[in-house]
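According to the UniProt record's numbering, the stretch in the sequence shown is residues 1 to 451, in order.
By construction, the Cβ of each residue, glycine as well, lies at the ideal position given by its N, Cα and C atoms.
This one's a predicted model, so the numbers in the text were calculated from it and none came from an experiment.
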Amino acid sequence: MGFRASELVLPKRLWMVLSFLCFSIAEFAHAKAQIEGVRLWRAPDHTRVVFDLSAPLEHKLFSLENPHRLVLDMESAGNKFALADLDLNKTPIRRIRSGARDKQDLRVVLDLHEAVKPRSFLLKRHGDKPDRLVLDLFDKSLKTEKKLEQAQPSQKRDIIIAVDAGHGGEDPGAIGPGGLREKAVVLAISKELVRQINQVKGYKGKLVRTGDYYIGLRKRRNIARDIRADLFISIHADAFKHPSASGASVFALSRRGATSETARFLARKENEADLIGGVGGVSLEDKDEVLAGVLVDLSMTASLSSSLQVGDKVLKSMGKIAKLHKRRVEQAGFAVLKSPDVPSILVETGFISNPKEAKNLGSSRYRKKMASQIFKGVRSYFDDKPPVGSYLAWVKNGQKEGRPREYIIARGDTLSGIALEYNVSVAALKKANKLRNSRIRVGQRLKIPTS
Ligand SMILES: [Zn+2]
């Protein structure tokens, strides 16, 4: 049986296609994942090294002693990055070097100044971020911070505000015109807010994130709980798909649905932060919620109503200097707000995607004003409802009972500062103490009038 010419054409073509495919598959099997970039982030308790990869890969990690070093073996990989260029200042790493191993694998060695607790995990390609291998070096000499509440007497304690600057490190957050990055803008606002909080007696502000590194969303909540925060404020400046979107807004958690399309969109974006910033293989689902049961549900309901009340005050106060996106506190399923016992709000200081607001957010003068309006809102909430045992409650109750109060001037006090502290006017202070001018001296006793 012979073939006709026309019958031969197809198999021949097929053969060509097949041989090409085989060649491609063989090529693919040998294709190496390349390290295309390396970044370092220093957090207070660990150092994060992020390797950008051209493709996912298998890896092994182990430590060696004498001298301390970490070895990272990557299968079928190569390195295109100049490791010697990395700035290792303030990290436990002395040097990073790499070499080929078994012809096609890559070995990366980190020479260390001291022993660390290492962990590594892969982050899948997400958005414009490539596949990444994350190596965390946890400090062994953990400086455990003295818990705030231990340093305070049980009465007249400070109201503690945890201020959380969104994003950080691997996760830049939204990016505005001229490369303005949300993570930097919100850290600046947060630092300013904490500075202002700490100037007022009866309040203590604490940054959740103090520098340019990433913290997982659940960890942020836990930091607030560890310091026994009375309020958790997460600060953001986000982008929306429409550049015309503008205005500041305040969000609280919703256990049902989102109250608007923007709320839903932003919550989804904020919750993605863990995928971009990296939380080490922890799933994004909140397992603790399932285990929490009825009690958590009750306290969550209580803290949610506080969240809405304080959120409302903050929103109104911001409305005095900024356009508002919505007149009401919006609600959506923000993971960072899921603290059952700490009232929590997320403040959108504006849209970094809106050219006019980006310009504002880039200016330190505006950021100062924004921080001040946020704090004014917070104060007006706690003035109404000071927590039991707080200094503010003590001041307020004193006023209610009409007890005569006295204040002894300390170094650095000003009449206007004292007036602010006790919620009375400078004129009333002067009148009660028969002062002719604002001059006061250390040790002087002032009568505080009831306002
Ligand atoms: Zn954000």
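Is any non-hydrogen atom of ligand 1 found closer than 6 Å to the C-beta of G277, if you look at the structure I gave you? Taking the sequence shown and counting its residues from 1, the one referred to as residue 277 is at position 277. Checking every heavy atom of ligand 1 against the Cβ of G277, none is found closer than 6 Å.
Quick one: residues in its chain with C-beta nearer than 6 Å to the C-beta of G247, no 5 flanking neighbours on either side, listed in chain order? For this step, residue 247 is matched to residue 247 along the sequence shown. These residues qualify, in order along the chain: K323, L324 and H325.
In this structure, how does DSSP classify D312 when only helix, strand and coil are distinguished? Residue numbering aside, residue 312 sits at position 312 when the sequence shown is read from its first letter. Helix at D312.
Specify, as a first and last residue, the run of the beta strand (DSSP E) that Y407 falls within. As a first step, residue 407 is located in the sequence shown; it is residue number 407 there, counting from the start. Unbroken beta strand (DSSP E) run through Y407: R405 to I408.
Buried or exposed for I62, please, with buried defined as at least 16 other CB atoms from any protein chain shown within 10 angstroms of its CB. Walking along the sequence shown from the start, residue 62 turns up at place 62. Sequence inspection shows Phe at residue 62; the Ile mentioned does not correspond to that position. F62 should be labelled exposed.
Which residues share a DSSP beta bridge with A165? The sequence position of residue 165 within the sequence shown is 165, counting from 1. Looking at the DSSP assignment, A165 forms a beta bridge with I235.
Assuming I233 and D164 make a contact with CB atoms under 8 Å, what is their CB distance in whole Å? Position 233 of the sequence shown, counted from the start, is the residue given in the question as residue 233. Position 164 of the sequence shown, counted from the start, is the residue given in the question as residue 164. Sure, about 7 Å apart at Cβ, within 8 Å.
T414 in three-state terms, based on DSSP: Start at 1 with the first residue of the sequence shown, and residue 414 comes out as number 414. Coil, per DSSP.
What does a CB cutoff of less than 7 Å around Y203 pick up in its chain, not counting 5 residues either side in sequence? As a first step, residue 203 is located in the sequence shown; it is residue number 203 there, counting from the start. Result list for Y203: D158, I159, I161 and I197, in chain order.
Cutting at 6 Å between CB atoms, please list the residues of its own chain near S390, excluding the five before and the five after it. Locating residue 390 in the sequence shown gives position 390, counting from the first residue. Closer than 6 Å at Cβ, skipping near neighbours: R157 and I159.
To the nearest angstrom, how far is the alpha carbon of R439 from that of I409? By 1-based counting over the sequence shown, the position of residue 439 is 439. By 1-based counting over the sequence shown, the position of residue 409 is 409. Approximately 11 Å, taken between the alpha carbons.
Distance between G412 and A432 (C-alpha atoms, nearest Å): Reading the sequence shown from its first residue, position 432 is the one you call residue 432. Reading the sequence shown from its first residue, position 412 is the one you call residue 412. Taking the straight line from one Cα to the other gives about 21 Å.
Between G173 and ligand 1, is there a pair consisting of the residue's CB and a ligand heavy atom that are separated by less than 6 Å? Numbered from 1 along the sequence shown, position 173 holds the residue referred to as residue 173. Because some heavy atom of ligand 1 lies under 6 Å away, the Cβ of G173 counts as near it: yes.
DSSP state of D105 mapped onto helix, strand, coil: On the sequence shown, position 105 is the one that residue 105 refers to. Of the three classes helix, strand and coil, the one that applies to D105 here is strand, per DSSP.
Environment of L64 [buried if 16+ CB atoms lie within 10 Å]: Reading the sequence shown from its first residue, position 64 is the one you call residue 64. Exposed, because fewer than 16 other Cβ atoms sit within 10 Å of the Cβ of L64.
On the DSSP bridge list, what partners appear for D136? Within the sequence shown, the letter at position 136 stands for residue 136. Answer by DSSP bridge pairing, in chain order: R48 and R119.
Go through the segment 315 to 363 residue by residue and report every complete run of the alpha helix (DSSP H) that reaches 4 residues or more, in order. 355 to 361
So E36 is in the beta strand (DSSP E); what residue range does that whole segment cover? To locate residue 36, count along the sequence shown from 1; it is residue 36. Looking at the DSSP string, the run of the beta strand (DSSP E) that includes E36 is A33 to R42.
Nearer than 6 Å: is that true of the beta carbon of D238 relative to any heavy atom of ligand 1? For this step, residue 238 is matched to residue 238 along the sequence shown. Correct: D238 has its Cβ closer than 6 Å to ligand 1.
If you scan the segment 189 to 255 from start to end, which runs of the alpha helix (DSSP H) of 4 or more residues do you find wholly inside it? 217 to 226
Locate the alpha helix (DSSP H) running through D274, then write down its first and last residues. Counting from 1 along the sequence shown, the entry for residue 274 is found at position 274. Its alpha helix (DSSP H) spans residues A273 to G277.
Nonlocal neighbours in the same chain, by C-beta distance under 8 Å from L180, ignoring five residues either side: Locating residue 180 in the sequence shown gives position 180, where the first residue counts as 1. I352, A358, L361 and G362.
Mapping the DSSP letters down to three states, classify K430 as helix, strand or coil. The count along the sequence shown starts at 1 and reaches residue 430 at position 430. Correct three-state label for K430: helix.
May I ask whether a heavy atom of ligand 1 can be found less than 6 Å away from the beta carbon of G216? Mapped onto the sequence shown, residue 216 falls at position 216. No; taking the cut-off as 6 Å, the Cβ of G216 has no heavy atom of ligand 1 nearer than that.
Enumerate in chain order the residues of its own chain whose CB-to-CB distance from L133 is below 7 Å, with the five nearest sequence positions on each side excluded. As a first step, residue 133 is located in the sequence shown; it is residue number 133 there, counting from the start. Only F51, L53, H59, S120 and L122 meet the Cβ criterion.
Is V71 helix, strand or coil when you go by DSSP? Indexing the sequence shown from 1 puts residue 71 at position 71. V71: strand per DSSP, three-state reduction.
May I ask you to list the residues that DSSP assigns as paired with N79? Walking along the sequence shown from the start, residue 79 turns up at place 79. N79 is bridged to I35.
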